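Shown next, in structure tokens, is the structure this report addresses.
Residue numbers (my numbering): 133 to 342.
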């Protein structure tokens with residue numbers, strides 16, 4: 133089954149905005165639970181999925197560079213939310229390193245190297261995968277100390293995202309290198325990653341609220 137990718141972009145943007153508004157309505161001013169970083173992360177996700185399909189219409193600086201940095205920034209904010217909920221501090225490199233690396237890598241791809249869609253996906257998704265691993269590293273050791281089952285939804289969302297990133301790369305390389313050349317092209321690999329992105333969004337957000 134192949135999904136209509138531009139429609140998935142719209143669904144992800146609308147879901148992100150609705151979730152951000154809903155969480156904002158219940159968040160306390162002192163935000164001891166780390167929900168404000170989640171709201172900011174949802175905002176960055178919405179921004180990224182507005183920019184991605186505009187490739188070729190707006191400058192690559194926005195549709196590629198800023199969009200990928202926004203996605204990595206959303207991962208970083210989710211990690212900040214975990215640390216805030218756990219009432220601890222994480223090393224700065226864990227939070228700021230991956231977005232900085234994405235910014236540098238995509239900038240190099242755009243200015244000095246001629247990298248196709250698969251190459252960009254391989255570079256950026258490797259960093260996203262690393263950020264998912266960092267999230268698990270922050271979550272799993274604290275499972276016995278964390279009250280409630282919401283944490284399991286967050287962990288499930290992260291594991292789903294890891295599986296989708298790996299599956300997308302395999303399917304794209306094995307069967308869709310010639311047919312998927314644009315971010316909004318239809319394909320099994322595209323359906324896997326963007327449906328997973330939507331599910332990841334819902335699981336992580338609901339998990340944090342719980």
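Backbone N, C-alpha and C define an ideal beta-carbon position, used for all residues, glycine too.
Model, not experiment: these values are computed from the prediction.
Quiz item: Residues bridged to residue 90 by DSSP?
Solution: Past the edges of the chain, shown from 133 to 342, lies residue 90, and the structure says nothing about it.
Practice problem: Just tell me which of 184, 292, 217 has its CA closest to the CA of residue 261. | Solution: To locate residue 261, count along the chain shown from 1; it is residue 129. Scanning 184, 292, 217 for the CA closest to the CA of residue 261 turns up 292.
Quiz item: Touch check for the segment 178-188 and the segment 303-315: three-plus C-beta pairs under 8 Å?
Solution: Flag = yes, the segment 178-188 and the segment 303-315 touch.
Quiz item: Can you name the start and end residues of the alpha helix (DSSP H) that residue 197 belongs to?
Solution: In the chain shown, residue 197 corresponds to position 65, counting from 1. Unbroken run through residue 197: none, as it is neither H nor E.
Practice problem: Between the Cα of residue 308 and those of 200, 319, 190, spot the shortest distance and give me the residue it belongs to. | Solution: Within the chain shown, numbered from 1, the residue matching residue 308 stands at position 176. Taking only the C-alpha atoms, the option nearest residue 308 is 319.
Exercise. Under 7 Å Cβ to Cβ from residue 132, same chain only, skipping five residues before and after it: list those, please.
Key: Residue 132 falls outside the range modelled here, since the chain spans only 133 to 342, and no answer is possible.
Quiz item: If you compare alpha carbons, which of 244, 207, 281, 331 is closest to residue 342?
Solution: Residue 342 sits at position 210 when you count from the first residue of the chain shown. Closest by alpha carbon: 281.
Quiz prompt | Residue span of the alpha helix (DSSP H) that contains residue 323, given as start and end | solution = Your numbering for residue 323 matches position 191 in the chain shown. Run containing residue 323: 320-341, per the alpha helix (DSSP H) assignment.
Exercise. Could you tell me whether the Cβ atoms of residue 230 and residue 272 are closer together than 8 Å?
Key: Residue 230 sits at position 98 when you count from the first residue of the chain shown. Residue 272 sits at position 140 when you count from the first residue of the chain shown. In terms of Cβ geometry, residue 230 and residue 272 do not form a close pair [threshold 8 Å].
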